[in-house]
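Asks: Here's a structure for you.
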Amino acid sequence: MTATAAMNGPSTDRTRFSRDLDSIREKLLQMTGIADEMLTDAVEALLSQNASLGEVVIGRDDAIDDLDRQIDQEVLLLLTTEQPVACFSLRFLSATLKVTTDLERIGDHAVNIALSAQRMAEDGIGYESLMDVRKSLQIARGMLGDALQAFTQHDPRLATAVIERDDEADILYREAQRELRAAMQSEDSAPRDRDRP
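Counting in my numbering, the sequence shown runs from 5 upward without gaps.
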């Protein structure tokens, strides 16, 4: 190996490693975008009794699962072949595996909401007036976007702000649960044509 090649080698390796990290970040952005769309459309399907929109959400689950597998493979490949020694790189790659798991779970939750939307549409049950559900969605989407930004841009202040918003999300979740139970009880107690003589 020439002196020039020896000098260029580490630089080339670092360039390739940076390119691979950029690829992982890009896939994380794609995965987050799909998870956000799934969650938004699932809640809309639930509130509007839109069974076909629920089916669209369910159909997107394969895309988020595929990205999850791709990112995991790329991370593991980097860990085994590049052997990153920088603490930051190791932390980023290890945390990425956790982030993709959480994003995949968001997709699964969206599918469950979509399935509930389809069942409710079949039964003719609608909860369009549940504003707390919409508020919860807005907060969840904001937290999701900011959390990914904090992660990819290494912003601890934004990460702390996301964590602090969790209490607000928890309060709205409990309010939405109460509202849903009240709506279901009202639906159960309402007279139905088939119950009449």
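Every residue, glycine too, gets a C-beta built ideally from N, C-alpha and C.
With a Cβ-Cβ cutoff of 9 Å, do S120 and L176 count as a contact?
Replies: no
Asks: Who are the Cβ neighbours of S27 in its own chain at under 7 Å, not counting the five residues just before and after it?
Replies: E78
Asks: How many Å lie between R73 and K102 at the Cα?
Replies: 12 Å
Asks: Count the CB pairs spanning the stretch 57 to 70 and the stretch 151 to 158 that are closer than 8 Å, and state whether there are at least three.
Replies: no
Asks: Just reading off the alpha helix (DSSP H) that L57 is part of, what are its end residues?
Replies: Where L57 is concerned, the enclosing alpha helix (DSSP H) stretches over 55 to 63.
Asks: Using the C-alpha atoms, what's the distance from T19 back to A9?
Replies: Residue confidence for A9 is low, a pLDDT of 42 falling below 50, so the modelled location carries little weight and cannot support an answer.
Asks: Have a look at A163 and L71 and give me their C-alpha separation to the nearest angstrom.
Replies: Spanning the two alpha carbons is a distance of roughly 24 Å.
Asks: Tell me, to the nearest whole angstrom, how far the beta carbon of A118 is from that of M147; I am working on the premise that it is less than 8 Å.
Replies: Not a contact, Cβ separation roughly 21 Å.
Asks: Go through its chain and collect everything with a Cβ distance to F96's Cβ below 8 Å, but skip five positions before and after it.
Replies: L25
Asks: Do F21 and L94 come within 9 Å of each other at the CB atom, strictly closer than that value?
Replies: no
Asks: So, under 8 Å CB-CB, M42 and V61 are touching, yes? Tell me the CB distance rounded to an integer number of Å.
Replies: Yes, M42 and V61 are in contact; Cβ-Cβ is about 5 Å, under 8 Å.
Asks: How many angstroms separate the CA atom of E59 from the CA atom of T44?
Replies: Their backbone Cα atoms lie some 13 Å apart in a straight line.
Asks: With A151 and V166 assumed to form a contact (beta carbons below 8 Å), what rounded beta-carbon distance in angstroms separates them?
Replies: 5 Å
Asks: Please go through the same chain and pick out, in chain order, the residues whose beta-carbon is closer than 8 Å to the beta-carbon of D76, but skip the five residues on each side of it.
Replies: L101, T104
Asks: Please report the straight-line C-alpha distance between Q153 and L33, rounded to a whole angstrom.
Replies: Answer to the nearest angstrom: the Cα atoms are 9 Å apart.
Asks: Just to confirm before moving on: does the CB-CB distance between R114 and A39 stay below 9 Å?
Replies: The question names Arg, but residue 114 in the sequence shown is Ala. For A114 and A39, yes; Cβs fall inside 9 Å.
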